[in-house]
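>
2 protein chains.
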Amino acid sequence: MSLLVVGTVAFDAIETPFGKTDKIIGGAATYISLAASYFTGNINLVSVVGDDFPAATIKDLNRHGINTDGLQVKKGQKSFFWSGRYHNDMNTRDTLDTQLNVLLDFDPVIPEAYQSCEMLMLGNLMPQIQKKVIERLHNRPKLIVMDTMNFWMDTQMASLMETLAMVDVLTINDAEARQLSGEYSLVKAAQKIIGMGPQMLIIKKGEHGALLFNKDQVFFAPALPLEDVFDPTGAGDTFAGGFIGHLARTRDISFDNMKRAIIFGSAMASFCVEKFGTERIIGLNQEEVDDRVQEFVDLVQFDITLV
Amino acid sequence: MSLLVVGTVAFDAIETPFGKTDKIIGGAATYISLAASYFTGNINLVSVVGDDFPAATIKDLNRHGINTDGLQVKKGQKSFFWSGRYHNDMNTRDTLDTQLNVLLDFDPVIPEAYQSCEMLMLGNLMPQIQKKVIERLHNRPKLIVMDTMNFWMDTQMASLMETLAMVDVLTINDAEARQLSGEYSLVKAAQKIIGMGPQMLIIKKGEHGALLFNKDQVFFAPALPLEDVFDPTGAGDTFAGGFIGHLARTRDISFDNMKRAIIFGSAMASFCVEKFGTERIIGLNQEEVDDRVQEFVDLVQFDITLV
């Protein structure tokens with residue numbers, strides 16, 4: 293099973309209560325692809341960067357089994373740049389700077405070799421571009437997962453709703469679920485959003501875990517209680533990467549397998565927040581990943597049998 | 293196994309976004325005892341009320357298998373009264389009125405017949421009174437669980453620390469864990485608090501579930517995602533009641549059994565918030581309780597086996 297990942301590949305500059313970075317590698321598709329690479333091979337990336345983007349990083353992605361033929365490198369242009377500062381609670385942040393640069397006229401070209409991809413992960417991007425990607429695939433993938441954010445709800449709701457109607461799984465955070473649905477209760481919000489198109493909704497609650505809903509069922513996965521959250525940047529994308537990576541490996545999109553996928557996603561996200569940027573999710577070994585997944589099993593499993 | 297429950301039995305008046313009550317029955321020990329009654333018999337209550345407290349409510353407690361010989365009824369005095377208003381998010385509230393009344397000079401007398409109790413649940417009360425209860429028991433119970441709140445941390449920290457050193461399990465919410473430990477990370481907070489005396493700490497996170505820590509292990513139980521939280525009053529006490537009730541029934545205080553106890557407590561709390569006050573946790577039947585516990589099993593159980 294091959295996986296198509298579309299989203300930003302970018303530079304970030306991050307300030308947290310624990311420290312500050314210069315420009316480091318970021319972008320939704322970067323985190324998604326890296327996290328997915330621990331579960332599946334044959335990951336195909338579509339994105340755009342400027343010629344300021346380091347070739348060494350592209351090689352890092354390739355070493356993780358990520359095909360970058362669909363990563364456009366725009367001569368004389370600059371990569372997308374975001375800069376933000378986290379507050380002391382690490383749950384809220386201020387955007388200090390956003391430079392769209394190459395994203396301004398990003399046209400997502402799908403290389404012919406990617407056309408056979410059976411799963412599609414649409415990282416957070418303008419909803420029109422996400423839609424264009426779906427339209428440019430000759431065959432509809434077996435599963436389309438879409439991430440988005442409040443900014444598109446504020447500025448491009450009509451376009452967002454069109455794209456939403458075309459996907460299978462939506463991932464958003466709790467505040468966004470409330471905004472999109474107009475419901476405070478996440479149970480009611482989920483049912484409304486499922487009525488907008490996707491059969492499944494994942495609500496990410498950061499340090500409070502994640503909920504998976506379909507029309508009839510709900511599953512909850514906690515976040516791992518950590519001694520310190522060092523940098524939350526990319527945690528949601530890393531979660532999505534582990535999630536879609538497990539689904540691509542197993543080729544099973546049942547609710548029960550999505551539960552497992554959410555645990556794998558949560559495990560990857562728990563690595564992500566331990567260091568700045570992508571630092572912690574590059575070069576993990578299988579034993580580290582397995583041990584972390586086991587921590588989740590130990591964290592939530594209990595033995596109650598009702599007759 | 294018999295259970296001793298000490299705490300307030302009182303009147304509340306509650307305002308939520310969904311409505312408003314006149315004086316209704318409240319009090320930590322009321323919620324604890326009622327919730328525990330679904331799991332164990334032989335519940336022995338120590339508390340104090342005024343002669344304004346309805347005899348019919350005391351009969352309700354008796355019908356739930358709760359022995360009220362230790363419930364002092366003070367002639368010519370009024371019961372403890374609390375009034376509060378919840379904000380729209382249902383997570384924060386303002387206290388509108390507190391009338392201590394009979395609590396002002398509460399002397400917790402332990403009836404001789406209660407002396408054989410093997411488990412003690414200390415509901416939120418002045419720490420000196422909680423300590424007095426422990427000292428008045430001829431034999432130390434097999435397990436002492438203590439609830440407390442930020443008010444005692446603000447006003448009587450020294451006394452709180454003395455009592456804390458005498459108990460096995462402490463239950464507090466996340467903000468209180470941070471206040472008591474001076475640590476923002478709940479993992480670090482838990483380790484500091486366990487260093488203060490109790491071998492176990494339960495951190496209640498309301499709609500975000502609960503964490504159980506001992507020195508080496510951690511377990512997480514979610515709250516049930518509900519369509520509406522109608523009235524959170526008493527949810528923490530109801531949780532504690534389900535928790536101690538299951539432990540009293542099984543006479544097993546291992547970490548694995550405490551995990552189960554936390555799920556039973558969470559299930560009971562999920563009933564509590566569905567209606568005002570104690571309305572929902574009076575007169576439940578076993579099938580309703582079992583079904584609710586099964587919802588928790590379905591909510592969090594997944595099947596990952598690592599080799």
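Quick mapping for you: the protein sequence lines, in order, are chains A and B.
According to this note's numbering, the first sequence is numbered sequentially starting from 293.
According to this note's numbering, the second sequence is numbered sequentially starting from 293.
Virtual Cβ for every residue (Gly too), placed ideally from N, Cα, C.
Verify the CB distance criterion: does His500 of chain A have a CB-CB separation below 8 Å to chain B?
Yes, because at least one Cβ of chain B sits closer than 8 Å to the Cβ of His500 of chain A.
> Would you list the residues sitting across from Ile574 of chain B in a DSSP beta bridge?
DSSP, once it has assigned bridges, lists no residue as partnering Ile574 of chain B.
> Figure out for me which residue from A:Phe505, A:Asp439, A:Val297, A:Tyr476 has the closest Cα to the Cα of Leu363 of chain A.
Minimum Cα distance to Leu363 of chain A is reached at A:Val297.
> Mind checking who Thr438 of chain A pairs with in its DSSP beta bridge?
Sequence inspection shows Met at residue 438 of chain A; the Thr mentioned does not correspond to that position. Answer is A:Leu414, A:Leu462, bridged to Met438 of chain A.
> Could you tell me which chain A residues have their CB closer than 7 Å to the CB of Val510 of chain B, listed as they occur along the chain?
Pro517, Leu591, listed in chain order.
> Quick one: is Asp304 of chain B near chain A, going by C-beta distance under 8 Å?
Not one chain A Cβ lies under 8 Å of Asp304 of chain B.
> Quick check: Leu435 of chain B and Ile545 of chain B, are their CB atoms within less than 8 Å of each other?
Result yes, Cβ atoms of Leu435 of chain B and Ile545 of chain B sit closer than 8 Å.
> Since Ala559 of chain A and Phe588 of chain A should fall inside the 8 Å C-beta cutoff, what is the C-beta to C-beta distance between them, to a whole number of angstroms?
The Cβ separation is near 6 Å, so the contact holds.
> Distance cutoff 8 Å, beta carbons only. Does Lys480 of chain A sit that close to anything in chain B?
Yes, Lys480 of chain A counts as interfacial toward chain B.
> Per DSSP, Lys366 of chain A is paired with what?
In DSSP, Lys366 of chain A forms a bridge with A:Gly342.
> May I ask you to report which of helix, strand or coil DSSP gives Glu519 of chain A?
If DSSP states are grouped into helix, strand and coil, Glu519 of chain A belongs with coil.
> Check whether the Cβ atoms of Phe556 of chain B and Val592 of chain B sit closer than 8 Å, and answer yes or no.
Going by C-beta atoms, Phe556 of chain B is not nearer than 8 Å to Val592 of chain B.
> Is it buried or exposed, Glu499 of chain A, if we count other Cβ atoms within 10 angstroms and call 16 or more buried?
Buried, because 16 or more other Cβ atoms sit within 10 Å of the Cβ of Glu499 of chain A.
> Return the residues of the region 564-589 of chain A that lie within a Cβ-Cβ distance of less than 7 Å from chain B, sorted by chain order.
Those residues of the region 564-589 of chain A that come within reach of chain B (Cβ to Cβ, closer than 7 Å) are Asp582, Val585, Gln586, Val589.
> For Ile596 of chain B, which residues in chain D fall below 7 Å Cβ to Cβ?
Among the protein chains in the structure shown, which are A and B, there is no chain D.
> Closer than 8 Å by C-beta to Lys567 of chain A: which residues in its own chain qualify, once you throw out the five before and the five after it? Chain order, please.
Cβ within range, chain order: Phe522, Asp523.
> Quick one: what does DSSP say Thr308 of chain A is sitting in, helix, strand or coil?
Strand, per DSSP.
> Could you tell me the distance, in whole angstroms, from the CA atom of Arg572 of chain B to the CA atom of Asp529 of chain B?
Arg572 of chain B and Asp529 of chain B: Cα-Cα distance of roughly 14 Å.
> In whole angstroms, give me the CA-to-CA distance for Ala502 of chain B and Arg355 of chain A.
Their backbone Cα atoms lie some 41 Å apart in a straight line.
> Using DSSP's beta-bridge definition, name the partner residues of Gly376 of chain A.
For Gly376 of chain A, which the question treats as bridged, DSSP gives the partners A:Ile306, A:Thr387.
> Inspect the CB distances between the region 384-391 of chain B and the region 410-421 of chain B and report whether three or more fall short of 8 Å.
Flag = no, the region 384-391 of chain B and the region 410-421 of chain B do not touch.
> Residues in its own chain within less than 7 Å of Leu326 of chain B by CB, not counting five upstream and five downstream?
Around Leu326 of chain B: His356, Gly533, Thr570, Ile573, Ile574.
> Report the rounded CA-to-CA distance for Ala340 of chain B versus Ser473 of chain B, giving the unit in angstroms.
Looking at the sequence provided, one finds Val at residue 340 of chain B rather than Ala. Cα to Cα, the separation comes out at about 32 Å.
> Tell me the rounded alpha-carbon separation between Met458 of chain A and Ile350 of chain A.
If I take the Cα positions, the gap works out to 31 Å.
> Beta strand (DSSP E) containing Phe535 of chain B: first to last residue?
Looking at the DSSP string, Phe535 of chain B is not in any beta strand (DSSP E); the run it does join, the alpha helix (DSSP H), is 527-542.
> Which chain B residues sit within Cβ distance under 7 Å of Leu435 of chain A?
None at all; the shortest Cβ gap to chain B is about 19 Å.
> Any C-beta of chain B within less than 7 Å: which residues of the region 466-493 of chain A qualify?
Listed by position along the chain: Ser477, Leu478, Val479, Lys480.
> Give a yes or no on whether 8 Å exceeds the smallest Cβ distance from Leu503 of chain A to chain B.
Interface residue, yes.
> Judging by CA-CA distance, which residue of B:Asp386, B:Gly342, B:Glu454 is the nearest neighbour of Gly368 of chain B?
Nearest of B:Asp386, B:Gly342, B:Glu454 to Gly368 of chain B, Cα basis: B:Gly342.
> My output table needs one value for Asp595 of chain B: the three-state DSSP class, helix, strand or coil.
Note: Asp595 of chain B maps to coil in three-state DSSP.
> Starting from the Cα of Phe373 of chain A, find the closest Cα among A:Ile421, A:Ala328, A:Val365, A:Gly319 and give me that residue.
Phe373 of chain A has its Cα closest to that of A:Gly319, out of A:Ile421, A:Ala328, A:Val365, A:Gly319.
> Specify the secondary structure class of Ile350 of chain A as computed by DSSP and reduced to three states.
Here Ile350 of chain A sits in helix by DSSP.
> Quick one: what's got a C-beta closer than 6 Å to Val425 of chain B's C-beta in the same chain, skipping five residues either side?
So the qualifying residues of the chain are Val298, Pro400.
> Could you compute how far the alpha carbon of Ala482 of chain B sits from the alpha carbon of Leu493 of chain B?
Rounded to whole angstroms, Ala482 of chain B to Leu493 of chain B spans 7 Å at the Cα level.
> Could you spell out where the beta strand (DSSP E) holding Leu238 of chain B opens and where it closes?
Because chain B in this structure spans residues 293 to 599, residue 238 of chain B falls outside the shown range and cannot be described.
> Less than 8 Å between the beta carbons of Ser375 of chain B and Ser294 of chain B, yes or no?
No, the pair does not count as a contact, with Cβ atoms beyond the cut-off.
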